[in-house]
Every structure is written in structure tokens, then in C-alpha cells.
Amino acid sequence: AWEEQLASFEPEKMNSRIERVMTGMGFSLGDIDRRVDEFSGGWQMRIALGKLLLQGPSLLILDEPTNHLDVVSQNWLEHYLRKYQGSILIISHDRAFLESVTERTIELKMGSLNRYKGNYSFYLEESAARIERQRKAYVNQKKEIQKEKEFINRFRSNIKKAAMVQSRIKALEKMEIVKPEAEEKKIYFRFPPSPPASQKVVELEEMSKAYGDNRVFDGLDLRIEKGDRIAVVGVNGAGKSTLARILAGVEPFQEGNRDVGVNTVIGYFAQHQAEELNPVNEVLAEVEEACHHNPDANPRAALGALLFSGNDVFKKTSVLSGGERNRVALAKLLMTPCNFLVMDEPTNHLDIRSKEVLQEALNLFEGTALIVSHDRSFLDGVVTKVLEISTNTARMLTCNVTEYMERLEVEAG
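Each position in the sequence shown, counted from 1, maps to that position plus 845 in the working numbering.
Here it is, written out as C-alpha cells:
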């Protein structure tokens, strides 16, 4: 009855529940009374997710719920969902999130569903074991079929064994053939060798930046040195992307200095770079435009490594999917050697396997890297430092993102 359903929501506690959920999603208490249309698209997605959590349905279906969430809000959502009373179905490319929240995994592959009674790591192990069992069954069946065919051919003219031959022919005709699982194509690439770098890569001194009345940075000091692997974290709107653009030299600022090391060569991957591809260009032409400073670049090879083969390279960039556009943007980044990579949300639209390949490529990269990302599993495999951006301040910590989250919990008491 509706009275029972209403009672289960405990209306007298609803305000406190709203405050708990919305602050967990990164809103301040003052935001709760604001109109929805006052927020950006990313924050409106958070509002929609918070509304869904407060409704408490018996089946919660979440499609990429960690998109638009900073690492602190992701951590809160994980804790919330682990205690959720109903069933949850999650589609996500965030490995750390899946590992933390899920207990079963469903794989959609080659038109079929495969079910696993465990989280993502369990799925990887069991999927590999299943494919190996399938491969062995295929090899054994192939041997068995060959053996039966040899018997049939040997005794086909033998009247005494005619019944046995016919029996084996019928058995072969009825046999369900084991088909080995086709191996999926995977991207593979490496960054070109880095030019020699000086110890100081880039330094900001007393840097201030504002958008109108919104002061993002006020007298920021930051020094990045050769070999640093830095994750930039902070709540949405703290200035992570702005800082990346300033460090890359593509965003002006009002006060202070930006001093670039004498040998620093910057490669910049913008958050929306994939959306800035020339829509009239074909894929190959788009990547070739990034080669003008590097006569040794091989755009076709880079595109092939990123799964653009044959006529794919002649597609217009305007018809590509989000993941394909991201791969084109990566190919452009590979065309010019650099020793300082600035990457803003490079894993957007990439599946988990592609993220792992990018992670491997960054680990083999010989230069310095600064990465803005909300993907903790990806960052943990790459960075050794965390740069926390908050209101007009920044602090550098020597740790990975998981260790940073643990530190925040300790600081919060």
C-alpha cells in the first residue's frame, strides 16, 4: 500500500537524508536551495543521481555513474552503494568502482552473455580460464574428428566394418562443433622517445587566475621537476582543467609568472580535444596535420595500432564514435615527441582494456607527466604524486590516489 511505501521513506528524516546524499555528491548545504538550471550539465547529472538514490528503488540501474564525479564523491558513492538494500545493475568503465561495489559480473561478448559470480578481478581470471578450457576442447575435438575420419577412410570398403563406419559417420554429422572464441582486437601503442629534459620542467610563481568575479587561483606557487608523475585531484570546479591548460601554455592568467624549463617540450591532451577534431577531415588527414614538426612520424602506423585499419582511415571524423574520436586524438599526440605530457581526462570514452594499454604506455614514457583524471585505478598504476587543488590553494603529496583517499579519511577523523 502507498501508506506503507511512504512510511518506509521515513518522511521525518527526509531532509537529513537529502543533505547526506547531496553533500556526499559534492554539493554544499547552500546549494540545496538553488534552482537546478543554475548548475552546469555535470552538476545536473549529480542531481539526477542523487534523486535516484533518495528514491531507493528495489532495482537500481546505473549507466556510468562515476562520470562527472570527482574522486572524493566516487569514494562516497562506493560506500553508499555497498550498504544499499536493493539490487544494483551497473555499467561502468571504472575498474576501481566495479571492484569495490559489485559481487557478480555479466559479460556481453560476441552476441552472448557470460555470467561470473564475482567482481571484475574474478571475472578476468575466470574469463581467461573459460577461454583456455574452450581452446583445449577445440584442440581435443579436432584430434578426435581427425581420428574418426582416418578410421572411416581406412575401413570404408570393409564390408565387415560397414555398420561401424556408418555409425561413426552419423556421429560426426551430429557432433556439435566447438568453436574457439575469436580474439578481440586490442589497441597497442607507445609514446615516441622523449627529448632530453632539464631538471626544472615548468614552474608557476605567484600565479593568479580569475574568470570574472570567480577567482580560481590566487598567488599559486608550483614547481614540476623531471620525472614527476602527478595526478591532479579536487572537486569539480576547483580549477583542475584550468591549471592543466595554464601549465600547457594554452590558457592565459592575470598575474604571476610561468617559467618553462629550457629543454621542456610539452604534449597536451585536452579534456575535449576529441570534440575539437576538424569535422570535414578524414581520419588520416587529421592525424597528418599533427606531423608537420616531425618528419619521422608515421601516422598510418599509429592509427593501425589504435585499430584504424583499411578504409577506416578515410572516414570523416564527424561520423566517429566517442571512443574512436578519442583514439584519433591520441594518435595526434603520438606524432610529436615530447618530454612533458599534460593530459586532461585522457580515459574518457576508453574501455577498461584500452585504459590499461594507455597506462602501460605512460609507464614506459621516459618523460614527466601530469594527469587530470577521475579514474583511480588508472591513476594508481601511473602516478607517484598527488596535487590536490582546493579553494585558491594547492598541496603536493607523495602518494598514489588510493593512499591520498586514505589520508583524507584519517584527516577527517
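Beta carbons are placed, not taken as given, at the ideal position from N, Cα and C, and that holds for glycine.
This structure is a prediction, so every number in the text was calculated from the model and none was measured.
Short Cβ contact (8 angstroms threshold) for residue i with residue j
i	j	result
Gly1064	Glu1051	yes
Ala1146	Met1180	no
Tyr1033	Val1173	no
Arg960	Val946	no
Leu1151	Leu1122	no
Leu1242	Glu1233	yes
Pro1191	Pro1038	no
Ile990	Arg1013	no
Glu909	Ser937	yes
Thr1247	Asp1220	no
Tyr1207	Val1227	Correcting the residue identity first, residue 1207 is Leu in this sequence and not Tyr. Yes.
Asp915	Gly869	no
Ser1222	Ala973	no
Asn1108	Pro1041	yes
Phe1285	Gly1084	Any answer about residue 1285 is impossible in this case: the structure gives the chain only from 846 up to 1258.
Asn1171	Leu1148	no
Val866	Gly887	no
Lys1177	Glu1127	no
Val1110	Phe1185	yes
Glu1028	Val1046	no
DSSP bridge partner residues for residue i (one or two, in chain order)
i	result
Ile936	Asp908
Ser1235	Thr1238
Tyr1249	None; Tyr1249 has no bridge partner.
Lys1161	Glu1127
Glu1048	Arg1068 and Asp1104
Phe1062	Lys1054
Tyr965	DSSP lists no partner for Tyr965.
Asn959	Glu952
Cut-off 6 angstroms between Cβ atoms - residues of its own chain near residue i, not counting five sequence neighbours on either side
i	result
Asn1098	A small correction: the amino acid at residue 1098 is Phe; Asn does not occupy that position in the sequence shown. Result list for Phe1098: Met1052, Lys1054 and Ile1091, in chain order.
Gln919	Thr911
Asn964	Glu944 and Thr947
Glu971	Tyr961
Proximal residues to residue i (C-beta, below 7 angstroms), its chain only, five neighbours per side dropped
i	result
Asp1189	Ser1086, Ala1089, Phe1114, Ala1115, Gln1116 and Val1217
Thr1238	none
Trp847	Model confidence at Trp847 stands at a pLDDT of 39, short of 50, so the residue's coordinates are unreliable and nothing is read from them.
Distance, residue j Cα to residue i Cα
i	j	result
Thr950	Lys988	34 angstroms
Cys1244	Arg880	39 angstroms
Ala982	Ile976	10 angstroms
Arg1074	Asp939	21 angstroms
Lys1030	Ser903	38 angstroms
Glu1261	Leu905	What the structure shows of the chain is the stretch from 846 to 1258, and residue 1261 is not part of that stretch, so it cannot be assessed.
Arg862	Leu899	7 angstroms
Glu1133	Phe1210	22 angstroms
Leu874	Ile935	28 angstroms
Pro1124	Val1158	14 angstroms
Glu1095	Gln1118	The question names Glu, but residue 1095 is Val in the sequence shown. In a straight line, the C-alpha of Val1095 is about 13 angstroms away from that of Gln1118.
Extent of the continuous alpha helix (DSSP H) to which residue i belongs
i	result
Tyr1010	For clarity, residue 1010 is Val in the given sequence; the question names Tyr instead. Unbroken alpha helix (DSSP H) run through Val1010: Ala1007 to Lys1019.
Tyr1033	Unbroken run through Tyr1033: none, as it is neither H nor E.
Asp1058	Careful: Asp1058 lies outside any alpha helix (DSSP H) and carries neither H nor E.
Leu953	Leu953 -> not in any alpha helix (DSSP H); beta strand (DSSP E) instead, spanning Thr950 to Lys954.
Met859	Met859 to Gly869
Beta strand (DSSP E) segment containing residue i, residue limits
i	result
Tyr929	Where Tyr929 is concerned, there is no enclosing beta strand (DSSP E), given that its DSSP letter is neither H nor E.
Phe1223	Where Phe1223 is concerned, there is no enclosing beta strand (DSSP E), although the alpha helix (DSSP H) it sits in stretches over Arg1221 to Asp1225.
Leu1282	No statement about residue 1282 is possible, as the shown extent of the chain runs from 846 to 1258 and does not include it.
Phe1114	Ile1111 to Phe1114
Val1173	No beta strand (DSSP E) holds Val1173; the alpha helix (DSSP H) holding it covers Gly1167 to Leu1178.
Ile1004	Run containing Ile1004: none; DSSP gives neither H nor E here.
CB contact check: residue i to chain C, cutoff 8 angstroms
i	result
Thr947	No chain C is present in this structure, which holds just one protein chain.
Contact test: residue i Cβ vs the ligand COA heavy atom, cutoff 7 angstroms
i	result
Asp1189	With respect to the ligand COA, the structure shown offers nothing to examine, as it has no ligands at all.
8 angstroms CB neighbourhood of residue i in its chain, flanking five on each side removed
i	result
Glu1120	Arg1170
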